[in-house]
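J.: The structure's right below; bear with me while I get my questions together.
Number of protein chains: 2
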Amino acid sequence: MEAKITLSESMEDYLEAIFNLIKENGSARVTDIANSLGIAASSVNQGLKKLNEQGLIKQQKYGPIKLTQSGVQAAEKVNCKHQILYLFLHKTLGVEPETADQDACSIEHVLSQQSFEKMVDYLIENNYIEEQNCAFKFMENEEEEKMAAKEFMLDSMSVGSKAEVLKIESKGRLKRKLMDMGLNRGARVEVKGKAPMGDPIEIKVRGYSLSLRQDEAAEILVKEV
Amino acid sequence: MEAKITLSESMEDYLEAIFNLIKENGSARVTDIANSLGIAASSVNQGLKKLNEQGLIKQQKYGPIKLTQSGVQAAEKVNCKHQILYLFLHKTLGVEPETADQDACSIEHVLSQQSFEKMVDYLIENNYIEEQNCAFKFMENEEEEKMAAKEFMLDSMSVGSKAEVLKIESKGRLKRKLMDMGLNRGARVEVKGKAPMGDPIEIKVRGYSLSLRQDEAAEILVKEV
DNA sequence: TATTATTTTTAGGTTAACCTAAAAGTTGGG
DNA sequence: CCCAACTTTTAGGTTAACCTAAAAATAATA
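One line per chain: the protein sequences are U and S, in this order.
Using the numbering used here, the letters of the first sequence correspond one by one to residues 287 to 511.
Using the numbering used here, the letters of the second sequence correspond one by one to residues 287 to 511.
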């Protein structure tokens with residue numbers, strides 16, 4: 287129902303940096319963010335524009351940067367992932383703090399939900415974290431997954447039907463590409479049309495129209511709604 | 287001058303795909319690589335050009351793709367990282383095979399050496415792999431890594447550099463011709479000049495000057511000296 | 001409050017990694 | 001041996017994420 291936002295890696299980095307700076311200093315300025323990420327202030331400025339468009343931060347020209355509600359949510363989610371990874375690498379594998387932190391930083395953007403969950407399980411079992419912890423904020427939606435029924439591959443949906451994306455079955459780059467198009471878990475799609483041979487297929491996601499090759503659509507598991 | 291090769295994520299992906307395709311089918315074609323990575327053939331083509339420049343693969347126009355010695359090395363390294371991650375995620379954390387594979391794919395490019403080593407330690411302790419395994423191929427040679435990869439195809443050497451011929455990769459008439467020019471194993475060559483488009487290339491061997499077409503030079507594996 | 005210093009923004013790039021469409025080259029079947 | 005089908009390459013884009021240099025706005029201080 288909510289317009290679920292998709293963040294690129296660097297957008298996540300910006301958010302996280304803002305989140306941490308606010309926690310530490312009470313405020314986040316363009317230069318602070320730039321310093322903490324090691325990039326130019328002008329680059330940060332551009333990034334903030336996008337976060338602003340997504341409604342995750344609020345900034346007036348030359349003014350201080352604040353997180354909106356959904357901004358805080360998103361930032362906490364990223365931060366939480368970071369913490370899980372850090373703890374896992376450092377506490378259970380014995381990786382040095384600094385390296386663990388760097389690795390967490392690079393992995394947090396790409397690791398699957400499932401792997402995160404498994405790490406959390408492991409950390410709980412070994413008493414490194416407790417169930418009450420931040421670790422769980424992003425995990426709520428587990429059983430919803432097994433609500434089975436009415437699951438199809440997107441290419442077999444009929445014109446006019448609506449569905450929710452459950453999973454992208456392909457790997458690597460293709461998966462990435464599809465996700466970048468907005469086809470993330472939970473996204474609502476509507477099949478607007480199909481060419482005679484079923485290729486390509488016209489769909490609508492998050493307000494955008496886009497057309498998929500049939501073999502691409504065949505990689506997308508959806509639940510009819 | 288250290289010629290240490292640094293590979294971007296996608297270059298690593300290309301290498302890995304080539305490596306696997308050759309293992310599975312005996313050969314890797316542009317379209318196969320494109321399919322296995324889910325990207326357009328033309329994109330692969332461009333990527334291959336770069337790998338070629340780095341001396342990691344060898345391809346003649348419209349011809350099959352082969353890995354050079356250093357190409358195989360690099361590919362094995364990446365593949366090995368992939369395997370470690372896969373085993374770790376799947377065997378010790380219980381992540382599902384498919385997801386573990388995808389995650390391995392994204393992480394393999396960015397995880398630190400140290401974290402890899404810790405995972406290997408863990409895998410050995412729990413008897414998922416043995417010391418003899420591939421897992422170590424990329425770990426012994428930390429300093430050797432800097433030495434390595436001074437091997438190039440002659441056409442990718444810069445003007446002014448000197449090298450020793452290791453092998454002529456072509457066969458038949460062309461090989462004969464090149465050998466007759468004095469390009470035998472062990473011969474010392476110096477690159478005297480290149481025409482604007484890299485074709486032809488002026489070299490000096492055993493006191494003679496001679497000029498090679500680029501695709502001829504691309505058949506000659508040399509070690510920089 | 002004027003002047004200097006700092007911060008933020010704008011303008012105008014670059015690069016890597018993709019893309020589509022079409023041309024060039026190769027191959028297999030009639 | 002020729003043509004249709006496929007593969008590979010070329011040509012000409014796009015986009016995200018950076019950059020530098022300089023202009024505009026704000027803050028500090030003498």
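Where is the CB? At the ideal position from N, CA and C, for every residue including glycine.
All values derive from a computational prediction rather than experimental measurement.
Determine the extent of the beta strand (DSSP E) in which S:I506 is found, giving its start and end residues.
T.: Note, S:I506: beta strand (DSSP E), 506-510.
J.: Go ahead and pull the three-state DSSP assignment for S:V445.
T.: Reduced to three states, the DSSP call for S:V445 is coil.
J.: Check each candidate in S:H368, S:A314, S:G493, S:S392 and name the one with the smallest Cα separation from S:M405.
T.: For S:M405, the nearest C-alpha among the options comes from S:H368.
J.: How long is the line joining the alpha carbons of U:A314 and U:I308, rounded to whole angstroms?
T.: Between U:A314 and U:I308, the C-alpha separation is close to 6 angstroms.
J.: With three or more beta-carbon pairs closer than 8 angstroms as the criterion, would you say the segment 325-333 of chain S touches the segment 491-500 of chain U?
T.: no
J.: Are any of the Cβ atoms in chain S nearer than 8 angstroms to that of U:L293?
T.: no
J.: Distance, Cα to Cα, U:E429 vs S:L342?
T.: Here U:E429 scores only 33 on pLDDT, less than 50, and its place in the model is too uncertain to base an answer on.
J.: To the nearest angstrom, how far is it from the Cα of U:L469 to the Cα of U:G493?
T.: 12 angstroms
J.: Enumerate in chain order the residues of its own chain whose CB-to-CB distance from S:P383 is below 7 angstroms, with the five nearest sequence positions on each side excluded.
T.: H376
J.: For S:L450, count the other beta carbons within 10 Å of its own beta carbon; 16 or more makes it buried, fewer makes it exposed. Which is it?
T.: The amino acid at residue 450 of chain S is misidentified as Leu; the sequence shows Glu. Exposed: under 16 other Cβ atoms inside 10 Å.
J.: Counting only runs of 4+ residues fully inside the segment 297-341 of chain U, write out the alpha helix (DSSP H) ranges in chain order.
T.: 316-323, 327-339
J.: So what does DSSP say about S:L452, is it helix, strand or coil?
T.: strand
J.: S:E339 to S:R474, Cα distance in whole Å?
T.: Near 21 angstroms, if we compare the C-alpha coordinates of S:R474 and S:E339.
J.: Interface residues of chain U around S:V381 at Cβ under 7 angstroms?
T.: Here the neighbours are Q400, S401, K404.
J.: Buried or exposed for S:G357, going by 16 or more other Cβ atoms inside 10 Å?
T.: Looking at its Cβ environment, which holds 16 or more other Cβ atoms inside 10 Å, S:G357 is buried.
J.: CA-CA distance, S:E488 and U:N306?
T.: 58 angstroms
J.: Starting from S:S398, trace the beta strand (DSSP E) both ways and give me its first and last residue.
T.: No beta strand (DSSP E) holds S:S398; DSSP gives it neither H nor E.
J.: Determine whether the beta carbon atoms of S:E510 and S:S447 lie at a separation below 8 angstroms.
T.: yes
J.: Just the chain U side, please: which residues come within less than 7 angstroms of S:Q359 by C-beta, in chain order?
T.: Here the premise fails: no neighbours, minimum Cβ distance about 22 angstroms.
J.: Which residues bound the alpha helix (DSSP H) around S:I370?
T.: 355-373
J.: Comparing the C-beta of U:I304 with each C-beta of chain S, is any distance below 8 angstroms?
T.: no
J.: Residues of the segment 324-345 of chain S in Cβ contact with chain U at a cutoff of 7 angstroms, in chain order, please.
T.: G324, I325
J.: Can you tell me which of the three DSSP states S:E384 falls into?
T.: When secondary structure is reduced to three states using DSSP, S:E384 falls in the helix class.
J.: Report all residues from its chain with a CB closer than 6 angstroms to the CB of S:Y414; omit the five preceding and five following residues, and keep chain order.
T.: Cβ within range, chain order: L373, K377.
J.: So, is the C-beta of S:Y408 closer than 8 angstroms to a C-beta in chain U?
T.: yes
J.: Going along the chain, which residues of the segment 384-398 of chain U sit with their C-beta nearer than 8 angstroms to a C-beta in chain S?
T.: T385, A386, Q388, D389, S392, I393, V396, L397, S398
J.: Looking only at C-alpha atoms, which of U:V508, U:G324, U:I454 sits nearest to U:V477?
T.: Looking at the Cα atoms, U:V508 is the closest of the given residues.
J.: Flag U:L375 as yes if its beta-carbon sits less than 8 angstroms from any beta-carbon of chain S, otherwise no.
T.: Contacts with chain S at 8 angstroms (Cβ-Cβ) include U:L375.
J.: Which chain S residues are close to U:K463, counting only those with a beta carbon under 9 angstroms from its beta carbon?
T.: G324, I325
J.: Sort out for me which residues DSSP pairs U:R474 with in a bridge.
T.: U:E450.
J.: Give the secondary structure of U:S392 by DSSP, where H, G and I count as helix, E and B as strand, and everything else as coil.
T.: helix
J.: Could you say which of S:I304, S:M439, S:A360, S:D389 lies nearest to S:E350 if we only look at CA atoms?
T.: In the sequence under discussion, the amino acid at residue 350 of chain S is Pro, which differs from the Glu named in the question. Considering only alpha carbons, the answer is S:I304.
J.: Considering only C-alpha positions, which residue in the set U:A360, U:Q346, U:S401 is nearest to S:L379?
T.: U:S401
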